[in-house]
Structure formats: C-alpha cells, structure tokens
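For the sequence shown, the numbering used here gives the first residue as 12, with consecutive numbering after it.
Before any comments, here is the structure.
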Amino acid sequence: MTVLLPMPIAAMSNDNPTAGAPAGSTTEIPERLRGLRVLVAEDNRTNRLILEKMLRKLDVEVSFAEDGQQACDLWQPDSFDVLLLDISMPIKDGMEALSEIRARAHRAGVALPVSIAATANVMADQMESYMAHGFQTVIGKPFRQADLAKALDGAINGGEGSMVDPMDSSQLVKPSRHRQAAVNDRSGP
C-alpha cells in the first residue's frame, strides 16, 4: 500500500529571496555576501539552475562547472572567494577537486578559498569526513535559499553561523511528519 500526501511547493518569488525558509523566518541577506565570487561545481543541470537563481538573488558573482575537473580548470589564484562543490560528481568529485585546488593554491602561495560541500549525504560520519577533508561547512540538498545564505555567511565568517555542526546529530535535517508517515507506511509489514 502506498500513501501519497500532497505537499505544497514553496514558490521562489523574485521579491522574496528567503522563500523556502521556515515560517516566521526573518533571514535577511547579509550585505557582506553582495559581490562575493563563488565557483559552483554541480553536475545536475536542475540543481545548477536552482543555485544560479538563488545565488543571483544573493547578489553574488557566480561561475559554474559541471564537474570537479571543470572546477579545477576554472579556478585561478585569487579569482574566487568561495568554492561550492557537489560531493558526488563524475570525472572528479568535490573532495578530489578541493584537494587539487588546495595543492594549486599552495604552489601559487595564495590562500585557499572558503569551501562548502553540497550533498544529499548528510549523515554525521559523512559530514565529519567532508569537514576533515577541509570543507568549512556543509549544505544539504535539496537547496533552500535561507540555508544557502546562512552557509555562505557562516563560511566566510570563519565558520561562525555555519549551517550544520557535523558533531551535533540533532541539527541533521529530519523528514517532515508527512514525509515520515509515507516512509513508515512503505516500511510496514
């Protein structure tokens, strides 16, 4: 037996850059994000389109790569403030891309840009692995405007205000009651 429950889709209005934020959220776009130079590596075309719309609303400059190798090819010393890297991509994944960019930054004698892991894999041990690899924070998929703004702001401020603390499993995104009901129904006897 399958139970389907209707769930409203949060509209992303051009007038409301925090659409998709929890009800009652008063998240505003921090001024320090405006003009931020972000290199995004994301292999999924739909996710790229969503990220482009969200990042443009935050008034950041964004460049896109379709995989980790393209991100490495696009990266030049002092050309980006933030790397937003999908963890699971073809050719070169986010962790491999970060390692290569880190090595190139070291050889060039420049600081590595702030790095954010983008992934649907947000179990505590997975996030610990991303953070140990050098990511400053993790943003879970599906993307939400408020979470993206918070992750960017937290990452550029030395981790203060980061979206997720990988050591605190209470911060992991939990399914809504409606989604959990559907999951429970499918896993029944």
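Quick reminder that beta carbons are idealized off the backbone N, C-alpha and C, glycines included.
Everything numeric in this text was worked out from a predicted model, so none of it was measured.
Local conformation of residue i per DSSP, three classes
{"i": "Ala32", "result": "Low local confidence applies: a pLDDT of 42 at Ala32 is under 50, so the model's placement there is unreliable, and no value is given."}
{"i": "Gly145", "result": "coil"}
{"i": "Asp164", "result": "helix"}
{"i": "Ala122", "result": "coil"}
{"i": "Arg43", "result": "helix"}
{"i": "Ala52", "result": "strand"}
{"i": "Ser99", "result": "coil"}
Distance, residue j Cα to residue i Cα
{"i": "Pro177", "j": "Gln80", "result": "Unreliable positioning characterises Pro177 in this predicted model, as indicated by a pLDDT of 36, which lies under 50. The coordinate reading is nonetheless provided below. C-alpha separation (whole angstroms): 27 Å."}
{"i": "Lys152", "j": "Leu109", "result": "19 Å"}
{"i": "Phe75", "j": "Ala82", "result": "8 Å"}
{"i": "Leu163", "j": "Leu44", "result": "7 Å"}
{"i": "Ala143", "j": "Asp136", "result": "10 Å"}
{"i": "Phe146", "j": "Gln87", "result": "19 Å"}
{"i": "Met138", "j": "Ile150", "result": "10 Å"}
{"i": "Glu53", "j": "Glu111", "result": "17 Å"}
{"i": "Ile127", "j": "Leu95", "result": "5 Å"}
{"i": "Leu60", "j": "Ala119", "result": "32 Å"}
Under 8 Å between C-beta atoms of residue i and residue j
{"i": "Arg50", "j": "Val71", "result": "Note that residue 50 corresponds to Leu in the displayed sequence, not to Arg. Taking 8 Å as the Cβ cut-off, Leu50 and Val71 do not qualify as a contacting pair."}
{"i": "Thr148", "j": "Asp97", "result": "no"}
{"i": "Asp92", "j": "Ile167", "result": "yes"}
{"i": "Asp89", "j": "Val121", "result": "yes"}
Whole-number beta carbon distance between residue j and residue i, since they are thought to touch under 8 Å
{"i": "Leu159", "j": "Met65", "result": "5 Å"}
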